[in-house]
Amino acid sequence: MGTDNLFHKRKERRASSLKRKKSLKAPYDRVLIVCEGAKTEPIYFREIRDSYRLNTANIDICGNECGSDPLSVVNYAIGKFREDRDYERVYCVIDRDKHTNFHEAVDKISQTILGKNVIFAAIISVPCFEFWLLLHFVYTTRQFCTQGNASDCELVIADLKKSGRIPGYNKGGRNIFALTKEMLPSAIKNAKQLQQYNQSTGTNNPATDMHEIIEYLISLNTRSTTKL
0 MGTDNLFHKR
10 KERRASSLKR
20 KKSLKAPYDR
30 VLIVCEGAKT
40 EPIYFREIRD
50 SYRLNTANID
60 ICGNECGSDP
70 LSVVNYAIGK
80 FREDRDYERV
90 YCVIDRDKHT
100 NFHEAVDKIS
110 QTILGKNVIF
120 AAIISVPCFE
130 FWLLLHFVYT
140 TRQFCTQGNA
150 SDCELVIADL
160 KKSGRIPGYN
170 KGGRNIFALT
180 KEMLPSAIKN
190 AKQLQQYNQS
200 TGTNNPATDM
210 HEIIEYLISL
220 NTRSTTKL
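Number 65 in numbering that gives the first Met the number 0 belongs to position 66 of the sequence shown; there are no gaps in the numbering.
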């Protein structure tokens with residue numbers, strides 16, 4: 000009996016929280032961003048949200064609770080959407096690196112329909128998120144491949160730490176968006192150029208879709224300002 004009451008109370012609290020979020024949201028898309036990284040990516044996206052003054056009731060960012068592999072991220076995103084179907088877009092931010100279930104995760108996203116007119120998309124970085132940061136400083140098509148079980152991302156981070164870039168970079172660090180915001184136009188340009196290169200050559204190492212979600216988030220800021 001006590002367990003049933005506890006369950007119902009939790010359900011009521013969750014419903015009440017969702018109701019408050021809906022009442023506080025701004026007049027633009029409500030977006031769920033689920034990240035593979037426990038700290039680095041969620042912190043980065045929260046800094047973007049704050050920098051462009053996007054409503055926290057509209058832009059929901061998850062990381063630590065999602066698991067550390069692509070499929071866990073996708074499953075978490077699906078589960079969270081089923082608890083709260085008020086999202087217009089759901090993004091899964093995942094790395095290729097050497098994850099064995101990467102392709103399974105991408106396939107699951109392409110095969111899953113969350114709801115009518117709901118966009119469910121993968122934001123992929125190959126080999127990892129840090130490659131997007133590297134594009135702020137240099138355009139490159141260099142492949143990042145290590146031997147054995149070593150992480151391909153370690154090679155990217157070594158490049159990112161070079162002089163004139165982010166020498167003190169560490170995963171989970173704060174203010175990364177502030178440090179790189181001035182170079183954001185170059186990063187977007189480089190990412191688009193690389194996307195065209197990969198399409199013409201049939202390659203996907205390196206690669207990133209990060210510019211797509213960031214341009215979208217910036218557009219929400221424009222919409223918000225227009226409506227004021």
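C-beta: ideal position from N, C-alpha, C; glycine also.
Just so we're clear, the structure is a prediction, and the values are computed from it rather than from any experiment.
If you run the structure through DSSP and keep just helix, strand and coil, what is isoleucine 93? Position 94 of the sequence shown, counted from the first residue, corresponds to residue 93. Isoleucine 93 falls in the strand class under three-state DSSP.
For cysteine 34, which three-state DSSP category applies? If you number the sequence shown from 1, residue 34 lands on position 35. Of the three classes helix, strand and coil, the one that applies to cysteine 34 here is strand, per DSSP.
Would you list the residues sitting across from isoleucine 122 in a DSSP beta bridge? Numbered from 1 along the sequence shown, position 123 holds the residue referred to as residue 122. Looking at the DSSP assignment, isoleucine 122 forms a beta bridge with Val92.
Terminal residues of the continuous beta strand (DSSP E) containing cysteine 65? The sequence position of residue 65 within the sequence shown is 66, counting from 1. That residue, cysteine 65, is in no beta strand (DSSP E); it is neither H nor E in DSSP.
Measure from the alpha carbon of isoleucine 93 to the alpha carbon of each residue in Lys180, Ser218, Gly36, then state which is nearest. Locating residue 93 in the sequence shown gives position 94, where the first residue counts as 1. Looking at the Cα atoms, Gly36 is the closest of the given residues.
CA-CA distance, asparagine 203 and arginine 81? Start at 1 with the first residue of the sequence shown, and residue 203 comes out as number 204. Start at 1 with the first residue of the sequence shown, and residue 81 comes out as number 82. When rounded, the distance between both Cα atoms is 32 angstroms.
In three-state DSSP terms, what is isoleucine 58? In the sequence shown, the residue the question calls residue 58 occupies position 59. If DSSP states are grouped into helix, strand and coil, isoleucine 58 belongs with the strands.
Just to confirm, are serine 150 and aspartate 96 a CB contact at a threshold of 7 angstroms? As a first step, residue 150 is located in the sequence shown; it is residue number 151 there, counting from the start. As a first step, residue 96 is located in the sequence shown; it is residue number 97 there, counting from the start. Cβ distance < 7 angstroms, so serine 150 and aspartate 96 count as in contact.
Pull up the CB-CB distance for isoleucine 77 and threonine 111, whole angstroms please, since I reckon it's below 8 angstroms. Walking along the sequence shown from the start, residue 77 turns up at place 78. Walking along the sequence shown from the start, residue 111 turns up at place 112. The pair is a contact, with the Cβ atoms about 6 angstroms apart (cut-off 8 angstroms).
In the DSSP assignment, what residue or residues form a beta bridge with alanine 206? Here the question's residue 206 lines up with position 207 in the sequence shown. BP columns for alanine 206 point to Val125.
If you drop the 5 nearest sequence neighbours on each side, which residues of the same chain put their C-beta closer than 6 angstroms to that of phenylalanine 6? Taking the first residue of the sequence shown as position 1, residue 6 is located at position 7. The predicted model places phenylalanine 6 with a pLDDT of 45, which falls under 50 and marks its position as unreliable; any figure quoted below should be read in that light. Counting only Cβ-Cβ distances below 6 angstroms, and skipping sequence neighbours, we find nothing.
Cβ atoms of threonine 179 and histidine 135: under 7 angstroms apart, would you say? Here residue 135 corresponds to residue number 136 of the sequence shown, with the count starting at 1. Here residue 179 corresponds to residue number 180 of the sequence shown, with the count starting at 1. Result yes, Cβ atoms of histidine 135 and threonine 179 sit closer than 7 angstroms.
Quick check on alanine 121: buried or exposed, where buried means 16 or more other Cβ atoms within 10 Å of its Cβ? For the purposes of this step, residue 121 is identified with residue 122 of the sequence shown, where counting begins at 1. Alanine 121 is buried by the Cβ-count criterion.
Reducing DSSP to helix, strand and coil, say where alanine 157 ends up. Counted from its first residue, the sequence shown places residue 157 at position 158. Here alanine 157 sits in helix by DSSP.
For glutamate 40, the first and last residue of its enclosing alpha helix (DSSP H): What you label residue 40 is simply residue 41 of the sequence shown in a count that begins at 1. Residues 39-50.
Assuming asparagine 220 contacts arginine 52 (C-beta within less than 8 angstroms), just tell me the rounded distance between them. Along the sequence shown, read from residue 1 onward, the residue named residue 220 stands at position 221. Along the sequence shown, read from residue 1 onward, the residue named residue 52 stands at position 53. Contact flag correct, Cβ pair sits at about 7 angstroms.
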